[in-house]
Structure formats: C-alpha cells, structure tokens
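A.B. asks: Below you'll find the structure I mean.
In structure tokens:
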C-alpha cells in the first residue's frame, strides 16, 4: 500500500508540475485550479508551498526541493489547495481521474479538510541570507493580516499609561478615546481578514485598554452619592449611586451637618 501511495503521489506530482508550468494546455473552462501543495517534512511539519515554486523546485531539484524532501527521494505531498480549500492529495487524484482530467470538477467534488488541520500548517516564504528556510504559521501568513497587526500594535504602543490619564487633561482624553475606537475598528477588520487570528496575543492591548477605559470612566462618570434617609435604618446611611458598583469606593466619606456618616454599600 505504501509503495502504491508513493508511486501515485509521484505521478500526481508530475501532473501538478505540468499544470503549473504549462497553463496553455489547461481547459478554458477550468476556472477553479490548484495553487499550492502542502508537503510533510522529515520532522512532521506540514508546509504550504506555492505551486509554481514547487514545480520549479521539482524540475530543477534546487535548494527548495532538497529542503522539502529531506531524507526522502522526493517531497511527500499530503494536501493540495485551491484558494482557501485544502483537500487530500489522493482524493484529488481519484476525482481527477474519474472526472476525465477536469481539474475544476476534481477540486469541487473533493471534501475540504478540517480547519483545525489547516491551522497547523506553515507557509514557505523564502530562504534567508544564511540559506535557512523562512517558515511562518499559516494563520499569520497573509500580508494583509500582517500589515493590519503591525498597524494595531503601533497604535497600542502609543496609548498612554494609566497614570498619565488625568482629569486635568480632558482634551487628551478625547484623543485617547479616538485612538481606542480606531484600534477597536482595526481589530474588527483583522477578524474579517482572519476570523481565527488570536486577538488576545496583540501585545498588552487588553490589559492596557481595560485600565485606560476604567480611568476615563472614573473621570467622566464620577460616583455621585445621594443620602436617602439617615435615620430610617438604625442610624445608618443608605446611599444611591449613579451607576452600578459592587462596593463603596475606598476612602469615600459622606458628611451631613459636618459629621461623617457610616456608609453601607
């Protein structure tokens, strides 16, 4: 079975190469086509490679070819993809044969693999100056996503510390609120680009945002105390707040006729 799969994969690899380097032979009706392959490395990692890069590597047996095959005679292709659809190599090949070599039908008839599997992939970008392969997790491989993350991080870095958010700087507070709103908008745009992007990894944003938002709320919505009835409940003071609180703020004192009154939350 292993030998059959190996031969089968090798034949399909050649088909993929021909599809990439000789598009003139493709049917005009094939609007859907393969654009990448996913190769299993010796260490078990699954690496996505652009189909044209793979085809060139396969024909020339260059550095990329050597990296992908490792200790094996040829690279071990596990999956192929068309846009965001990733499918099992053998399923694609079977569909390809049963559909008379129609690439579009072979892709459309194949079942996409799970998102959980796709999220484990790495993307081959290039080789660095030292000749080492540059691999990036697929969830961060989109240039648009990377640019959006960089833009968000720049804005986060520009947010002030809580100690700097002072009620005397009310004009600056409006600017801070505008920056926070901009960050929130960009995060929504980031999620649209990649709904699985781990937003919680945005460096320090959640903690910093919550602290600043709390401080601004304290400045703009101070707790106002209203004495309802001093004598109604055994001389204790019942208070009402202008917003929900879980406990009486620390250090808060209400005076009536110059005397401090005991408070109950």
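In this note's numbering, the protein residues as written are 1342 to 1606. We put the beta carbon where it would ideally sit given N, CA and C, even for glycine. These numbers come from a predicted model, not from an experiment.
Rounded to the nearest angstrom, what separates residue 1532 and residue 1479 at their Cα positions?
C.D. replies: Along the chain shown, one-based indexing puts residue 1532 at 191. Along the chain shown, one-based indexing puts residue 1479 at 138. Distance between the alpha carbons of residue 1532 and residue 1479: 15 Å.
A.B. asks: Specify, as a first and last residue, the run of the alpha helix (DSSP H) that residue 1427 falls within.
C.D. replies: Walking along the chain shown from the start, residue 1427 turns up at place 86. Not the alpha helix (DSSP H): residue 1427 falls in the beta strand (DSSP E), residues 1426–1429.
A.B. asks: Helix, strand or coil, according to DSSP, for residue 1403 in the structure here?
C.D. replies: As a first step, residue 1403 is located in the chain shown; it is residue number 62 there, counting from the start. Three-state DSSP puts residue 1403 in coil, outside helix and strand.
A.B. asks: Could you check where the beta strand (DSSP E) with residue 1506 kicks off and where it finishes?
C.D. replies: Counted from its first residue, the chain shown places residue 1506 at position 165. Careful: residue 1506 lies outside any beta strand (DSSP E) and carries neither H nor E.
A.B. asks: With residue 1549 as the anchor, note down where its alpha helix (DSSP H) starts and where it stops.
C.D. replies: Working through the chain shown from its first residue, we reach residue 1549 at position 208. Its alpha helix (DSSP H) spans residues 1546–1561.
A.B. asks: Taking just the CA atoms, how far does residue 1420 sit from residue 1406?
C.D. replies: Reading the chain shown from its first residue, position 65 is the one you call residue 1406. Reading the chain shown from its first residue, position 79 is the one you call residue 1420. Roughly 17 Å between the two C-alpha positions.
A.B. asks: For residue 1378, collect the residues of the same chain with a Cβ closer than 7 Å to its Cβ; drop the 5 residues on either side in sequence, then sort them by chain order.
C.D. replies: Residue mapping note: residue 1378 aligns to position 37 of the chain shown, counting from 1. Cβ within range, chain order: 1357, 1390, 1392, 1395, 1418 and 1421.
A.B. asks: Counting C-beta neighbours from all protein chains within 10 Å, is the total for residue 1517 16 or more, i.e. buried, or is it exposed?
C.D. replies: One-based indexing of the chain shown puts residue 1517 at position 176. Buried is the call here.
A.B. asks: Please state if the CB of residue 1455 and the CB of residue 1423 are separated by a distance shorter than 9 Å.
C.D. replies: Translated into the one-based positions of the chain shown, residue 1423 becomes position 82. Translated into the one-based positions of the chain shown, residue 1455 becomes position 114. In this structure, residue 1455 does not lie closer than 9 Å to residue 1423 by Cβ.
A.B. asks: Would residue 1413 pass as an interface residue toward chain B - the criterion being a Cβ-Cβ separation below 9 Å?
C.D. replies: Note that chain B does not occur in the displayed structure, where there is just one protein chain.
A.B. asks: Could you give the DSSP three-state label for residue 1382: helix, strand or coil?
C.D. replies: To locate residue 1382, count along the chain shown from 1; it is residue 41. The answer is coil: DSSP assigns residue 1382 none of H, G, I, E or B.
A.B. asks: Cα separation between residue 1477 and residue 1468?
C.D. replies: For this step, residue 1477 is matched to residue 136 along the chain shown. For this step, residue 1468 is matched to residue 127 along the chain shown. Going by the C-alpha atoms only, they are around 12 Å apart.
A.B. asks: Going along the chain, which residues of its own chain have a beta-carbon closer than 8 Å to the beta-carbon of residue 1448, five neighbours each way excluded?
C.D. replies: Working through the chain shown from its first residue, we reach residue 1448 at position 107. The residues are 1373, 1374, 1375, 1423, 1426, 1428, 1433 and 1436.
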